[in-house]
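Q:
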Amino acid sequence: MGDERDGMYGWIWRNLPGNAWVKALISLVLVMAVVYVLFQFVFPWAEPLLPFNDVTVDNQ
Amino acid sequence: MRVFVRTVSELFITVGTLIVLFVVYVLFWTGVKADGVMDDQIDRLQEQWSKGAVHEPSGAGAPASAPKPAAYRYGRPFAIMYIPRLGFTWNKPVLEGTGTDVLKKGLAHYARTAGLGQEGNFAVAGHRRTYGDPFKDFPKLRSGDAVVLTDGTTWFTYLIDKGPDKTVPSDVEVIDPVPRKSGYTRPGRYLTLTTRDPEWGHSHRLIVWAHLDSTQPVEAGKPRALRR
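Each protein sequence line maps, in turn, to chains A and B. With the first letter of the first sequence counted as 1, position 38 gets the number 38 in the UniProt record's numbering; the numbers rise by one all the way through. With the first letter of the second sequence counted as 1, position 187 gets the number 187 in the UniProt record's numbering; the numbers rise by one all the way through.
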């Protein structure tokens, strides 16, 4: 979906409404929403795939 | 060509940001979350105990008169552990079961091992790193160090006999009722702590063994090992 001229992030920027300040504000909210979803749902799912939980001797 | 380079660079920036965020999550955020959860567990325990909802005092004093094996429920906290060597403010809840979900909330008691203060081996596992780093300083433990636990009615003071011993993850004998390699030869009231080694790896386990040295009712005040 990236634009031919300026890539995915540029495409998002150009499609946000308002002037530069409004755009910046909306971008910030978007970034925070993405970070929230990652920390709340994606990373808790991915973290047990790492070996940090292997602290027992019988691997239950 | 330019479109290709641009797409690839945007992809790399995105992936790089993701990785940095994930590292922040694992190293920092799990600790923040775990500290909150562990405090909650301890609060819950202390609330339960203040209501006297556990079991009635059973003439504790001599190890021989320890109460009957309490029915621990999976995922529920039932004791608080103190290890002065790891810091005077170091205290963690002990929960039943060693599932990943349990280890996120505190130290985990191997369900098939003995109960607190009971004849046999009371075995507990904990995170070395991430989720509050409870056993980060595990290698500092030395023989003679106290491991103190309370279940709300009794203080149990275990003394470490054999300091951090490195073994492999499949070595389940270390939590046997009379653990091989620990030097114990006869049945007794033992405690085993296990965590991971190296700090960020998972190839080995670190073990310490302790024996029950003394018990006293909570009314008698904190055991000597916890007094400053």
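From the three backbone atoms N, C-alpha and C, an ideal C-beta is built for every residue, glycine too.
Should B:Ala79 be labelled buried (16 or more other beta-carbon atoms within 10 Å of its own) or exposed?
A: By the neighbour-count rule (16 or more Cβ atoms within 10 Å), B:Ala79 is buried.
Q: Per DSSP, which residues does B:Leu193 bridge with? Please list them.
A: According to DSSP, B:Leu193 bridges with B:Val124 and B:Val208.
Q: Is the CB-CB distance between residue 229 of chain B and B:Leu191 below 7 angstroms?
A: Since the displayed chain B opens at 1 and closes at 228, residue 229 of chain B lies outside it and no answer follows.
Q: What residues are listed by DSSP as bridge partners for A:Phe41?
A: In DSSP, A:Phe41 forms no bridge with anything.
Q: Hey, out of B:Asp133, B:Leu107 and B:Trp209, whose CA is closest to B:Gly144's CA?
A: Considering only alpha carbons, the answer is B:Trp209.
Q: Throw me the rounded Cβ distance for the B:Val147 and B:Ile160 pair, which I believe falls under 8 angstroms.
A: B:Val147 to B:Ile160, Cβ: 7 angstroms. Contact.
Q: Based on Cα-Cα distance, which residue from B:Gly36, B:Arg142, B:Phe12 and B:Val20 lies nearest to B:Pro164?
A: Out of B:Gly36, B:Arg142, B:Phe12 and B:Val20, B:Arg142 has the C-alpha closest to the C-alpha of B:Pro164.
Q: Just to check my reading of the structure: B:Phe22 and A:Phe43 have Cβ atoms closer than 8 angstroms, yes? What is that Cβ distance to the nearest angstrom?
A: So it is a contact: roughly 6 angstroms between Cβ atoms.
Q: I'd like to know if B:Lys68 contacts chain A, where contact means its C-beta is closer than 7 angstroms to some C-beta of that chain.
A: In this prediction, B:Lys68 has a pLDDT of 49, which is less than 50 and means its spatial position is unreliable; what the coordinates show is noted afterwards. Cβ-Cβ to chain A under 7 angstroms: no for B:Lys68.
Q: So, using beta-carbon positions, are B:Leu226 and B:Arg189 closer together than 7 angstroms?
A: No, the pair does not count as a contact, with Cβ atoms beyond the cut-off.
Q: From which residue to which residue does the beta strand (DSSP E) around B:Ala79 run?
A: First-last of the beta strand (DSSP E) with B:Ala79: Pro77 to Tyr82.
Q: Could you tell me whether any Cβ in chain B is nearer than 7 angstroms to the Cβ of A:Val57?
A: Chain B contact via Cβ: present.
Q: Quick check: what's the CA-CA separation for B:Ala111 versus B:Gly75?
A: The alpha-carbon atoms of B:Ala111 and B:Gly75 are separated by roughly 10 angstroms.
Q: Pop quiz: B:Arg85 and B:Arg196 are said to be a contact at Cβ under 8 angstroms. What is the actual Cβ separation, rounded to whole angstroms?
A: About 19 angstroms; that fails the 8 angstroms criterion.
Q: For the alpha helix (DSSP H) containing B:Thr14, list its first residue and its last residue.
A: Here the alpha helix (DSSP H) through B:Thr14 covers Arg2 to Val24.
Q: Check whether the segment 121-141 of chain B touches the segment 81-97 of chain B, taking contact to mean three or more Cβ pairs, one atom from each stretch, closer than 8 angstroms.
A: Yes: the two stretches touch, three or more of their Cβ pairs being nearer than 8 angstroms.
Q: Could you round the C-beta distance between B:Glu10 and A:Gly7 to whole angstroms and report it? I think they count as a contact, below 8 angstroms.
A: Indeed, because the Cβ distance is near 5 angstroms, the residues count as touching under 8 angstroms.
Q: So, at 7 angstroms on beta carbons, what are the nonlocal neighbours of B:Lys136 in its own chain, with the 5 sequence-adjacent residues on each side left out?
A: Once the five neighbours on either side are set aside, the close Cβ partners of B:Lys136 are Arg128 and Arg129.
Q: So which residues of chain A does B:Leu21 contact, with C-beta pairs closer than 7 angstroms?
A: Near B:Leu21 (Cβ distances below 7 angstroms), the residues of chain A are Val35 and Leu38.
Q: Can you tell me the Cα-Cα spacing of B:Phe88 and B:Pro179, whole angstroms?
A: One C-alpha to the other measures close to 29 angstroms.
Q: Counting only the same chain and skipping the five closest in sequence on each side, list residues whose C-beta sits under 8 angstroms from that of B:Pro187.
A: Closer than 8 angstroms at Cβ, skipping near neighbours: Glu119, Gly120, Pro177 and Val178.
Q: Could you tell me whether the Cβ of A:Phe41 comes closer than 7 angstroms to any Cβ of chain B?
A: No, because no Cβ of chain B sits closer than 7 angstroms to the Cβ of A:Phe41.
Q: Which residues in chain A have a C-beta closer than 7 angstroms to the C-beta of residue 262 of chain B? List them in chain order.
A: The requested residue 262 of chain B does not occur in the structure, where chain B is confined to residues 1 to 228.
Q: Let me see if you follow: with CB-CB separation under 7 angstroms, is B:Thr98 close to chain A or not?
A: Yes, because at least one Cβ of chain A sits closer than 7 angstroms to the Cβ of B:Thr98.
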